[in-house]
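Beneath this line is the structure, given in structure tokens, with notes to follow.
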Amino acid sequence: MTDAEKDKGYRILRTRGLTMRFGGVTAVDNVDFDLRDGELRCLLGPNGAGKSTFFKCLTGQLVPSEGQVMLKEQPITGRNTHEIVNMGVGIKTQVPNVFDGITVYENVRLSARRKNTAGIARDVAEATIEKCGIKHLIKREVGQLAHGQRQLVELAMVLASAPDLILLDEPAAGMTGDERDRLAQLVLEAARSAAVIVVEHDMQFIRQIAKFVTVFNRGAIFREAMIDDIMRDRAVQEIYLGKQADAAA
Amino acid sequence: MERSLTRDPGFWIMVVIGLVLLIMGPILIDMFTIMQITQYVVLSVFALSLAYIWGFGGILSFGQAAFFGLGAYAFAVSSISLGDTTLPLVLSFVIPAAFGVALGYFMFYGKLSDVYLGVVTMVVTLIFWKLANHTAGPEYSIAGVRLGGFNGIPSIPTINIPGQPDAWLDPAQLFRFFMGVLIVVYIALRILIASDFGRISIGIRENETRAALLGYDIRRHKVIVFAIGSGIAGLSGAMWATYQSFIDPNAFSMEMSAKALIWVMAGGVGTLLGPILGVIGLQWLTLQMGMVEFLNSLVVLGAIMMVLVLALPKGLVPTFKSLGIAGWTLWRRGRGVSGGVKKVTSDD
Numbered sequence: 025m026t027d028a029e030k031d032k033g034y035r036i037l038r039t040r041g042l043t044m045r046f047g048g049v050t051a052v053d054n055v056d057f058d059l060r061d062g063e064l065r066c067l068l069g070p071n072g073a074g075k076s077t078f079f080k081c082l083t084g085q086l087v088p089s090e091g092q093v094m095l096k097e098q099p100i101t102g103r104n105t106h107e108i109v110n111m112g113v114g115i116k117t118q119v120p121n122v123f124d125g126i127t128v129y130e131n132v133r134l135s136a137r138r139k140n141t142a143g144i145a146r147d148v149a150e151a152t153i154e155k156c157g158i159k160h161l162i163k164r165e166v167g168q169l170a171h172g173q174r175q176l177v178e179l180a181m182v183l184a185s186a187p188d189l190i191l192l193d194e195p196a197a198g199m200t201g202d203e204r205d206r207l208a209q210l211v212l213e214a215a216r217s218a219a220v221i222v223v224e225h226d227m228q229f230i231r232q233i234a235k236f237v238t239v240f241n242r243g244a245i246f247r248e249a250m251i252d253d254i255m256r257d258r259a260v261q262e263i264y265l266g267k268q269a270d271a272a273a
Numbered sequence: 029m030e031r032s033l034t035r036d037p038g039f040w041i042m043v044v045i046g047l048v049l050l051i052m053g054p055i056l057i058d059m060f061t062i063m064q065i066t067q068y069v070v071l072s073v074f075a076l077s078l079a080y081i082w083g084f085g086g087i088l089s090f091g092q093a094a095f096f097g098l099g100a101y102a103f104a105v106s107s108i109s110l111g112d113t114t115l116p117l118v119l120s121f122v123i124p125a126a127f128g129v130a131l132g133y134f135m136f137y138g139k140l141s142d143v144y145l146g147v148v149t150m151v152v153t154l155i156f157w158k159l160a161n162h163t164a165g166p167e168y169s170i171a172g173v174r175l176g177g178f179n180g181i182p183s184i185p186t187i188n189i190p191g192q193p194d195a196w197l198d199p200a201q202l203f204r205f206f207m208g209v210l211i212v213v214y215i216a217l218r219i220l221i222a223s224d225f226g227r228i229s230i231g232i233r234e235n236e237t238r239a240a241l242l243g244y245d246i247r248r249h250k251v252i253v254f255a256i257g258s259g260i261a262g263l264s265g266a267m268w269a270t271y272q273s274f275i276d277p278n279a280f281s282m283e284m285s286a287k288a289l290i291w292v293m294a295g296g297v298g299t300l301l302g303p304i305l306g307v308i309g310l311q312w313l314t315l316q317m318g319m320v321e322f323l324n325s326l327v328v329l330g331a332i333m334m335v336l337v338l339a340l341p342k343g344l345v346p347t348f349k350s351l352g353i354a355g356w357t358l359w360r361r362g363r364g365v366s367g368g369v370k371k372v373t374s375d376d
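If you're matching them up, the sequences are chains A and B in order.
Per the numbering used here: the first sequence ends with 273, consecutive numbering throughout.
Per the numbering used here: the second sequence ends with 376, consecutive numbering throughout.
Right under this line is the structure:
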């Protein structure tokens, strides 16, 4: 595919030559990434592959060393986080980023209130909490919850803001089987109205939700293919499992 | 889901106690004690300024005295110059608040971390203190009022009835007026904290990154919180200046900033009642220690602070509130009454 063909058509997210260096370490290396409106994409890759750094560059938490990020065809490189978020981005970070000292309801309501009046925000918060299956925790202080429950609270915060692009960084980590199944349903439901990128290591979870997958390795895009092809790809197994793949073969 | 402020019994108890003290205080209590309490009231307003920005905005200022002093000097100069205290009282809020906006802009838009924020606010206070000490000459005058260097500004007028410069308030009226200011500041802060703006402030205090990831401009929000706290500190400075009829550069001293920190820490960060109790308890203790020759009040206050930080790290009010709720729950369980443990909220 030529560059001209690649650039054709509307993309909710587009990166070109995106690079993030920390001193001598290149965490994200010349990444060209495209995401269509309403697409659900999974990002795979071993620890340290640059997936979370990539997310931070997309949301303005890090200013890329080089390259450009386009959201809804508008350049957002170097913009402040809140400006990018207000353009319609919601992110669940790798370590749950929640307000520990206040209740589940207040957490979700603060998210819903950003775009809604007080009355609508209350309804949105209550509906989202119920949808995420954490209604029984609604009055609990978030700092007292288990890791998996905190993950669901953060997901509820993301969904309550009704973003057009949802970034989920390891959302299934620390969840029980039931919580993971519910999460898969929620992600698939969210993907009906928004573009979604999910970073995850849990292959069972990825199989539940993903069709098209991008594999990161050493900061760069290593493969982009359908999930079944990725699972069969020896080179992908190699970067995930290293020498063990050879030994097993 | 939301608990309305008007349905919070703690809020009403505080307001009623304040109003009873305002009305009955000068009738039931002797004038010397009333004047002593007036001092506590003024310093309580000062403590509330830090209690708000630190406890509900997550901004730890080591230089709250800068705004206290600025308000005091603004009031002193303008009231002497104008011969009336109404506009100067307004200016004592507006000028420090405007300075708070300017300083806050550089600190928060410059993305200073908490440690540097503490250092900057402390240094600004020291600069003001040094500057005020070097204004002894006749060339240092504003609107014909000499700043007086380390001798300060004497003969600051007592509060007068608006539009009647000669109708000064007597000590009982002054107490009632200041008590009214304290009640209004308390109510205003409680309303602000319960509002959406206040909830976002608490969110920013809890987790700045998440607040930004929800789309809130944390820099602008912090500047506003800081400016409100600066204005309240300035207002308390004006109250202090008129109460003493005198102000000197010690209004900008590190001791004033440190005292505010101690009051808030002792009473409990994240409450408004705690810092008021901190002022009353520690100022009363300081007064008692002043009567004992071999005790240095600052050393003793420091020691008390260390004990409190080690024994009651959350401060008096949050600790006793938790104990009270735990005791109440045990009592109810003992009587076989069902019901969950009530969460300890961060407000009063």
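Glycine included, every Cβ here is placed at the ideal spot set by N, Cα and C.
Being a predicted model, the structure only gives us computed values, none of them experimental.
Closer than 8 Å to chain B by CB, residue i
{"i": "Ala208(A)", "result": "no"}
{"i": "Gly125(A)", "result": "yes"}
{"i": "Ile115(A)", "result": "yes"}
{"i": "Ala51(A)", "result": "no"}
{"i": "Gly143(A)", "result": "no"}
{"i": "Met44(A)", "result": "no"}
{"i": "Thr105(A)", "result": "yes"}
{"i": "Val15(A)", "result": "Residue 15(A) falls outside the range modelled here, since chain A spans only 25 to 273, and no answer is possible."}
{"i": "Thr77(A)", "result": "no"}
{"i": "Thr39(A)", "result": "no"}
{"i": "Thr83(A)", "result": "yes"}
{"i": "Arg137(A)", "result": "yes"}
{"i": "Asn140(A)", "result": "no"}
{"i": "Glu130(A)", "result": "yes"}
{"i": "Leu95(A)", "result": "no"}
{"i": "Ala134(A)", "result": "Here the sequence assigns Leu to residue 134(A), which means Ala is not the residue at that position. Judged by the 8 Å Cβ criterion, Leu134(A) is in contact with chain B."}
{"i": "Val109(A)", "result": "yes"}
Integer Cβ distance of residue i from residue j, believed to fall under 8 Å
{"i": "Ala102(B)", "j": "Ser120(B)", "result": "5 Å"}
{"i": "Ser264(B)", "j": "Phe96(B)", "result": "6 Å"}
{"i": "Leu305(B)", "j": "Val251(B)", "result": "Wrong, their Cβ atoms sit about 30 Å apart, outside the cutoff."}
{"i": "Ala261(B)", "j": "Ser77(B)", "result": "4 Å"}
{"i": "Val206(B)", "j": "Val70(B)", "result": "First, the residue type needs correcting, since residue 206(B) is Phe and not Val in the sequence shown. Contact holds; Cβ gap of about 6 Å."}
{"i": "Phe229(A)", "j": "Ala196(A)", "result": "5 Å"}
{"i": "Thr153(B)", "j": "Phe280(B)", "result": "6 Å"}
{"i": "His225(A)", "j": "Glu194(A)", "result": "7 Å"}
{"i": "Thr127(A)", "j": "Glu165(A)", "result": "6 Å"}
Nearest to residue i (by Cα), restricted to the options the options
{"i": "Leu64(A)", "options": "Asp188(A), Asp205(A), Gln228(A)", "result": "Asp188(A)"}
{"i": "Pro193(B)", "options": "Ala331(B), Ile62(B), Leu110(B), Ala261(B)", "result": "Leu110(B)"}
{"i": "Gly198(A)", "options": "Glu178(A), Val182(A), Leu183(A), His171(A)", "result": "His171(A)"}
{"i": "Trp291(B)", "options": "Met59(B), Val148(B), Ala75(B)", "result": "Ala75(B)"}
{"i": "Lys80(A)", "options": "Arg35(A), Ala208(A), Asn104(A)", "result": "Asn104(A)"}
{"i": "Gly226(B)", "options": "Pro190(B), Ser141(B), Gly86(B)", "result": "Gly86(B)"}
{"i": "Gly53(B)", "options": "Ile353(B), Met135(B), Leu313(B), Ala200(B)", "result": "Ala200(B)"}
{"i": "Met317(B)", "options": "Leu241(B), Leu329(B), Val307(B)", "result": "Leu329(B)"}
{"i": "Gly128(B)", "options": "Leu351(B), Gly259(B), Ser285(B)", "result": "Gly259(B)"}
{"i": "Val237(A)", "options": "His225(A), Met250(A), Val177(A)", "result": "Met250(A)"}
{"i": "Leu59(A)", "options": "Thr50(A), Gly72(A), Arg35(A), Leu42(A)", "result": "Arg35(A)"}
{"i": "Ala218(A)", "options": "Cys66(A), Asp257(A), Ala186(A), Leu67(A)", "result": "Ala186(A)"}
{"i": "Leu42(A)", "options": "Tyr264(A), Arg256(A), Gly243(A), Ile144(A)", "result": "Gly243(A)"}
{"i": "Gln64(B)", "options": "Asn278(B), Gln311(B), Ala195(B)", "result": "Gln311(B)"}
{"i": "Leu37(A)", "options": "Val55(A), Thr50(A), Val49(A)", "result": "Val55(A)"}
{"i": "Leu49(B)", "options": "Ile211(B), Leu220(B), Pro166(B)", "result": "Ile211(B)"}
{"i": "Arg231(A)", "options": "Phe240(A), Ala145(A), Thr152(A), Leu212(A)", "result": "Leu212(A)"}
{"i": "Val222(A)", "options": "Gly114(A), Ile108(A), Gly72(A)", "result": "Gly114(A)"}
According to DSSP, residues forming a beta bridge with residue i
{"i": "Glu224(A)", "result": "Its beta-bridge partners do not exist; DSSP assigns none."}
{"i": "Cys66(A)", "result": "Val222(A), Val237(A)"}
{"i": "Gly114(A)", "result": "Ile190(A)"}
{"i": "Phe57(A)", "result": "Thr39(A)"}
{"i": "Glu248(A)", "result": "Thr238(A)"}
{"i": "Arg204(A)", "result": "None; Arg204(A) has no bridge partner."}
{"i": "Met94(A)", "result": "Arg38(A), Pro99(A)"}
CB contact below 8 Å: residue i versus chain A
{"i": "Gly177(B)", "result": "no"}
{"i": "Tyr168(B)", "result": "no"}
{"i": "Lys371(B)", "result": "Residue placement at Lys371(B) is flagged as unreliable, the pLDDT there being 44, under the threshold of 50; the coordinate-derived value follows with that caveat. Taking Cβ atoms only, chain A reaches closer than 8 Å to Lys371(B), which makes this a yes."}
{"i": "Ala240(B)", "result": "yes"}
{"i": "Asp227(B)", "result": "The displayed chain sequence assigns Arg, not Asp, to residue 227(B). Taking Cβ atoms only, chain A reaches closer than 8 Å to Arg227(B), which makes this a yes."}
{"i": "Thr34(B)", "result": "no"}
Any non-hydrogen atom of the ligand ZN within 7 Å of residue i CB
{"i": "Ala222(B)", "result": "With respect to the ligand ZN, the structure offers nothing, as it holds no ligand at all."}
Complete beta strand (DSSP E) runs within the stretch 129-209 of chain B (minimum length 3 residues, chain order): 192-196
Every unbroken beta strand (DSSP E) within the stretch 272-345 of chain B, with a cutoff of 3 residues, ordered by chain: none
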